[in-house]
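Everything on this sheet refers to the single structure shown next.
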Amino acid sequence: NDIKNIAILGSTGSIGTQTLEVIRDNSQLFSAFMLTAHSNAYLLIEQAIAFVPEYAIICDETKYAEVKEALAHLPIKVLGGYEAIKETVTHPDIDVVLTAMVGFAGLEPTINAIKAGKDIALANKETLVVAGEIVTSLAKQHGVNILPVDSEHSAIFQCLAGEQDNKIEKIILTASGGPFRGKNAEFLANVTREHALKHPNWVMGAKITIDSASLMNKGLEVIEAKWLFDLQANQIDVIVHPQSIVHSLVQFEDGSIKAQMGLPDMKLPIQYALTYPQRVKTNFKRFNFIDYPNLTFEQPDIATFRNLKLSFDALERGGNMPCIINAANEVAVAAFLNNETGFLTMSDVIETCMQQINYIQSPSLNDYLNTDKETRIFAQNLIRKMPLKAV
Ligand code: NDP
Ligand code: MG
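Going letter by letter, the sequence shown gives residues 3 to 393 in UniProt numbering.
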């Protein structure tokens, strides 16, 4: 049959739940084969009852019995633990793995899925930030597609449809600028998690929302773009576009620029990744110029929002440096969300980790796993010793 079996890693998150809506609205095309959650047993159970996947997996093993019992009357295999995700993702009946877990945890399941020949619909950008070289070369070797879900990268991917290879002069990633666009360091030193969690244009998981406020999200996306589209750092520009209507642009060798536009709605890039190369009709709300008389563009303030600059530095240094900034950032963001560190100190933590953690030019997968561990411990200790607010 023509129905694609989708494995959703992180089905209970923002991208995961929107992916299930796309599957529900296109049940003639897609079926949810595997759902996974970290610890949200309640939502995983609800989703499993609605979609009856082959597998429902809860990472947190203390929640396993609860999920198992709630789904006992259904023909669903319930498993517990991260290892179960890493194994089940290779199941022969899976066609596409949509990676919507947050953070470094996405790396190993994605690598296993690629080795098993699964196409990847990639939302979990941290996977490419940490180990882009290994992941993209494995994908090539196993003949699998990495289809971008991130809206900017989907925009570029859509602009490239029908173009010949290697005619890109540069790409221009748009950034909303987040809730603190235009603010200075003095203001940022005192912002709280509640401020930072209010994104003007998108409703997303907590980690990426903080990343958007600090421009780290754009920094991670620069590195993600490098690997997805095989670019050099100097071929990637960032422009702030507060309305989030132009999702990104490609400039070709002849000087022509293509942009992809639309209202901000992640369901479109999610669906495109799953239906590519086809487009499928939707009833999503349409963009109308009457509602947006002004689309504006401005330079990012990298002196104040240092994470973007640090990300370009990490990209240029290569090796395990992007892995270091990713791990440092994950620890810093978690600490900020726990009110354990200030908004600006997150950049200090990242910069210190870049200086202090052992640099490796050509890391193996094991080196990445070790760098991640080492950086987390180092960053954790750093935060414990730091004053709460930047001075
Ligand atoms: P959420 O925090 O909303 O969801 C994360 C999902 O991953 C949840 O299902 C969560 O389970 C699960 N999860 C979290 N940690 C682990 C872990 N250690 N092991 C296994 N599963 C885990 O995140 P988002 O949906 O916002 O983002 C997911 C990814 O997509 C991120 O990489 C993000 O950068 C990227 N992305 C998101 C966009 C968005 O609009 N949200 C846009 C572009 C990219 P549980 O619910 O049980 O905690
Ligand atoms: Mg994005």
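From the three backbone atoms N, C-alpha and C, an ideal C-beta is built for every residue, glycine too.
**Prompt:** For the alpha helix (DSSP H) that L199 lies in, which residues bound it at each end?
**Reply:** No residue range can be given for L199, since it is assigned to no alpha helix (DSSP H) and is classified by DSSP as neither H nor E.
**Under the three-state DSSP convention, the category K127 falls into** = The answer is helix: DSSP assigns K127 an H, G or I state.
**Item:** Proximal residues to residue 401 (C-beta, below 6 angstroms), its chain only, five neighbours per side dropped
**Value:** Shown here, the chain extends from 3 to 393; a query on residue 401 therefore has no answer.
**Request:** Quick one: grab the DSSP three-state call for R386.
**Result:** Helix, per DSSP.
**Message:** Give me the residue from I212, L230, V205, K169 with the minimum Cα distance to M182.
**Reply:** One point to set straight first is that residue 182 is Phe, not Met, in the sequence displayed. F182 has its Cα closest to that of I212, out of I212, L230, V205, K169.
**Prompt:** Hey, is the segment 131-148 in contact with the segment 58-68, meaning 3+ C-beta pairs nearer than 8 angstroms?
**Reply:** Flag = no, the segment 131-148 and the segment 58-68 do not touch.
**Message:** I'd like the span of the alpha helix (DSSP H) that includes Y274, first residue to last.
**Reply:** Where Y274 is concerned, the enclosing alpha helix (DSSP H) stretches over 269-277.
**Prompt:** Is there contact between the segment 239-246 and the segment 301-308, where contact requires at least three CB pairs shorter than 8 angstroms?
**Reply:** The segment 239-246 makes contact with the segment 301-308; the number of CB pairs closer than 8 angstroms reaches 3 or more.
**Asked** Any idea if D232 is buried or exposed, counting beta-carbon neighbours within 10 angstroms, 16 or more meaning buried?
**Response** Around the beta carbon of D232, fewer than 16 other beta carbons lie within 10 angstroms, which makes this residue exposed.
**Prompt:** How far does the alpha helix (DSSP H) with G18 in it reach, from first residue to last?
**Reply:** Unbroken alpha helix (DSSP H) run through G18: 16-27.
**Asked** Between I17 and ligand 1, is the CB less than 7 angstroms from at least one heavy atom?
**Response** The answer is yes for I17.
**Asked** Just how far apart, CA to CA, sit P271 and R195?
**Response** Roughly 28 angstroms separates the two Cα atoms.
**Message:** I'd like the list of long-range same chain contacts for W229, defined as Cβ closer than 8 angstroms, with 5 residues on each side in sequence excluded.
**Reply:** Short of 8 angstroms from the beta carbon of W229, and not among the five residues preceding or following it, lie these beta carbons of its own chain, in chain order: L130, G134, E135, V137, T138.
**Asked** Measuring from the CB of S153, is there a heavy atom of ligand 2 at a distance below 7 angstroms?
**Response** Yes, the Cβ of S153 comes within 7 angstroms of a heavy atom of ligand 2.
**Message:** Distance check for S13 and P202, CA to CA, integer angstroms please.
**Reply:** When the Cα atoms are used, P202 and S13 turn out to be separated by approximately 24 angstroms.
**Prompt:** Helix, strand or coil for P324 per DSSP?
**Reply:** Helix.
**Rounded C-alpha distance that separates E110 from D293** = Near 43 angstroms, if we compare the C-alpha coordinates of D293 and E110.
**Request:** Assuming K65 and S41 form a contact by the criterion Cβ under 8 angstroms, report the distance between their Cβ atoms to the nearest whole angstrom.
**Result:** Correct: roughly 6 angstroms between the Cβ atoms.
**Asked** I148 to K142, Cα distance in whole Å?
**Response** Here the alpha carbons of K142 and I148 stand approximately 9 angstroms from one another.
**Prompt:** The beta strand (DSSP E) spanning A72 covers which residue range?
**Reply:** Note, A72: premise wrong, no beta strand (DSSP E); alpha helix (DSSP H) at 66-72.
**Prompt:** In or out: L15 buried (at least 16 other Cβ within 10 Å) or exposed?
**Reply:** According to the sequence as given, residue 15 is Gly; it is not Leu. Residue burial annotation: G15 is buried, with at least 16 other C-beta atoms found within 10 angstroms of its C-beta.
**Prompt:** Taking all protein chains shown into account, do 16 or more other C-beta atoms lie within 10 angstroms of the C-beta of V393, making it buried, or fewer, making it exposed?
**Reply:** At V393 the pLDDT is 40, less than 50, meaning the model places this residue with poor confidence; the figure from the coordinates comes in the next sentence. Exposed, by the Cβ-count rule.
**Request:** Reducing DSSP to helix, strand and coil, say where I113 ends up.
**Result:** Helix at I113.
**Message:** Can you list, in chain order, the residues of its chain with a C-beta nearer than 7 angstroms to that of V69? Leave out the 5 residues immediately preceding and following it.
**Reply:** Closer than 7 angstroms at Cβ, skipping near neighbours: A43, L46, I47, A58, I60, V80.
**Asked** Applying the criterion that 16 or more other CB atoms from any shown protein chain within 10 Å of the CB defines a buried residue, is L22 buried or exposed?
**Response** Taking all protein chains in view, the Cβ of L22 is crowded by 16 or more other Cβ atoms within 10 Å, so the residue is classified as buried.
**Message:** With a threshold of 7 angstroms (Cβ to nearest heavy atom), would E71 be considered close to ligand 2?
**Reply:** The beta carbon of E71 sits no closer than 7 angstroms to any heavy atom of ligand 2.
**Message:** Is it the case that the segment 351-370 contacts the segment 309-327, given that we only count it when at least three CB pairs across the two stretches are under 8 angstroms?
**Reply:** Short answer: they touch.
**Request:** Starting from H249, follow the beta strand (DSSP E) in both directions and report where the run begins and ends.
**Result:** First-last of the beta strand (DSSP E) with H249: 248-254.
**Asked** Thinking C-alpha only, which one of N168, T38, F53 is nearest G108?
**Response** Considering only alpha carbons, the answer is T38.
**Asked** Apart from the five residues just before and just after Y84, which ones in its own chain have a Cβ nearer than 6 angstroms to its Cβ?
**Response** Within the same chain, Y84 has close Cβ partners C61.
**Asked** Taking the alpha-carbon positions, what's the M268 to N290 distance?
**Response** For M268 and N290, the distance between alpha carbons rounds to 18 angstroms.
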